[in-house]
């Protein structure tokens, strides 16, 4: 049987994963209107992929970010004939960032982060209490 | 098993299981957003019942068997992990319900602390009996 200390590892892995997700959200929101990037194409929304990670037995499942994927949803097309990036028919390809979705993602990530902080704090309190046995 | 072991054994086993359950619930909270993760838990009542009926290693055992690199003590049995039944399934296959997990986590915390308090009192009681 493993000890309560494992909660620190599990919660920390989840916090790392959630902060990576928050980073992706920040990047997506910042680039919501970037019509062009380093490769000359419009920015594509980034999404992180979570997967459960074994951290010593089935009772200890941490979180790992297995990869950052580009959002497969179609790009936004804007009709702006005067835009320097407009194609022959006058359309500009804009990023496929869904701002509403990103905001929801942000709230969810921040709440999940808070939950893990709470779990970690509780584990800390319990360990401190355990040390007082017999006193 | 001597009297002192017998007295402390119940709370010892209960505390072990409570700490194990705390980890299971922490894992559920950590994986609240992992697609396909199934929330897990175990039946505390039956786990405690089987843990307390198992013959514990006696403290009176001669120390030489262990010091000489003899048989290592058997690891404590792990309770059977079950899957939580889903109330509100989500489309990505994740079955973690944060309300349930947080409630169980808080409940388990209180029980853990209660267990420690009881253990402390039992030790004090025994000390009082020894010192007169």
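Protein chains in written order, with the working numbering: chain H, 1329 to 1463; chain G, 176 to 307.
Note that the Cβ used here is the ideal one computed from N, Cα and C, for glycine as well.
DSSP places residue 291 (chain G) in the uninterrupted alpha helix (DSSP H) bounded by 273 to 306. Counted as a single uninterrupted DSSP element, the beta strand (DSSP E) harbouring residue 1422 (chain H) occupies residues 1419 to 1422. Here residue 1393 (chain H) is bridged, per DSSP, to H:1378.
Of the candidates H:1423, H:1378, H:1406 and H:1449, H:1406 places its Cα closest to the Cα of residue 1417 (chain H).
Of all residues in the stretch 195 to 208 of chain G, only 195, 196, 197, 198, 199, 200, 201, 202, 203, 204, 205, 206, 207 and 208 come within less than 9 Å of chain H when Cβ atoms are compared, listed by chain position.
Straight through space, the alpha carbons of residue 296 (chain G) and residue 1443 (chain H) are spaced by roughly 33 Å. Of all residues in the stretch 1378 to 1402 of chain H, those with a C-beta nearer than 7 Å to a C-beta of chain G are 1378, 1379, 1380, 1386, 1387, 1388, 1389, 1390 and 1391, reading in chain order. Proximity of chain G to residue 1417 (chain H) at the Cβ level (cut-off 8 Å) is not reached, the minimal Cβ distance being about 37 Å. Residue state for residue 190 (chain G) is assigned as helix, using DSSP reduced to three classes.
Inter-segment contact for the stretch 1352 to 1371 of chain H and the stretch 1381 to 1389 of chain H is absent: fewer than three beta-carbon pairs are separated by less than 8 Å. Nearest C-alpha to residue 1427 (chain H) among H:1395, H:1452, H:1453 and H:1359: H:1359. Sixteen is the threshold: since fewer than 16 other Cβ atoms of the shown chains lie within 10 Å of the Cβ of residue 267 (chain G), the residue is exposed. Here residue 289 (chain G) is exposed: its Cβ has fewer than 16 other Cβ atoms, across all protein chains shown, within 10 Å. In terms of CA proximity to residue 216 (chain G), G:275 leads the group G:184, G:179 and G:275. Within 8 Å of the CB of residue 1335 (chain H), the CB atoms of chain G belong to 197, 198 and 201, in sequence order along the chain.
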